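Shown next, in structure tokens, is the structure this report addresses.
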């Protein structure tokens, strides 16, 4: 995670949509609605960007894009669902860099990001921002670190889930700063 911008790239991937094979006489793609699977809880960056992309994509291709949230287990649930879908280009997956990181962390992830999916497009770069409640008596990162050292394990931080970019970034920050923070993963709504 040496490049914060690269660490937060959101890409849209499609299971098998770019598979080579013999051409058959068919109507134009898409001939029916396309399902856009979001494997994380609604309301976060990935969900917001995914829905915006789906809306614009629908206008561009003249076909309905149905956004489905299938969150769970650091995006494993939705990702496995798309992996098992027919490779016909009608089931797409929106992902963040968590998609590539999870199989290295979770041995039972059940997918290989390089072998099981084909990238279509990068859709957004989302910066990371460190912010605190204004009631917290700190005005700089240095002051935040000093307070966290005085109160080990008492300061909380939130992320979109275990293994998410925010979670990993905060853990790296904690280790580099020599502090201990308490992780509160958001479960979605």
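Residue numbers (the working numbering): 121 to 309.
The beta carbon of each residue, even a glycine, is placed where N, CA and C say it ideally should be.
It should be emphasised that the depicted structure is a prediction, and the values quoted were computed from it without experimental measurement.
Residue i: buried (16+ other C-beta within 10 angstroms of its C-beta) or exposed?
i           : result
residue 232 : exposed
residue 299 : buried
residue 234 : exposed
residue 241 : exposed
residue 295 : exposed
residue 229 : buried
residue 253 : exposed
residue 163 : exposed
residue 206 : exposed
residue 261 : exposed
residue 304 : exposed
Considering only the alpha carbon of each residue, which of the options lies closest to residue i?
i           : options               : result
residue 150 : 195, 230 and 180      : 180
residue 161 : 240, 187 and 294      : 187
residue 212 : 170, 297, 285 and 295 : 170
residue 201 : 296, 152 and 156      : 156
residue 255 : 275, 296, 248 and 236 : 275
residue 185 : 305, 301, 154 and 158 : 154
residue 159 : 174, 175, 306 and 219 : 219
residue 226 : 303, 165, 284 and 152 : 284
residue 248 : 288, 172, 221 and 236 : 288
Note down the Cα distance separating residue i from residue j, rounded to an integer number of angstroms.
i           : j           : result
residue 217 : residue 251 : 22 Å
residue 291 : residue 277 : 10 Å
residue 132 : residue 223 : With a pLDDT of 35 at residue 132, under the threshold of 50, the modelled position of that residue is not reliable, and the figure given next carries that caveat. In a straight line, the C-alpha of residue 132 is about 18 Å away from that of residue 223.
residue 263 : residue 204 : 49 Å
residue 209 : residue 192 : 23 Å
residue 259 : residue 215 : 34 Å
residue 183 : residue 239 : 21 Å
residue 282 : residue 147 : 43 Å
residue 177 : residue 167 : 15 Å
residue 246 : residue 189 : 20 Å
residue 273 : residue 297 : 13 Å
residue 302 : residue 244 : 29 Å
residue 165 : residue 175 : 15 Å
residue 280 : residue 293 : 17 Å
residue 237 : residue 221 : 14 Å
residue 306 : residue 172 : 22 Å
residue 152 : residue 286 : 36 Å
For a test of your reading of the model: does the CB of residue i fall under 8 Å from any non-hydrogen atom of the ligand SAM? Yes or no.
i           : result
residue 305 : Judged by which ligands are present, the structure shown has none, so any question about the ligand SAM falls away.
Can you pull the DSSP bridge partners for residue i?
i           : result
residue 279 : 305
residue 225 : DSSP lists no partner for residue 225.
residue 188 : 157
*Is the stretch 249–269 close to the stretch 194–214, with three or more CB pairs under 8 Å?*
Taking 8 Å as the limit for Cβ pairs, the verdict is that the stretch 194–214 does not touch the stretch 249–269.
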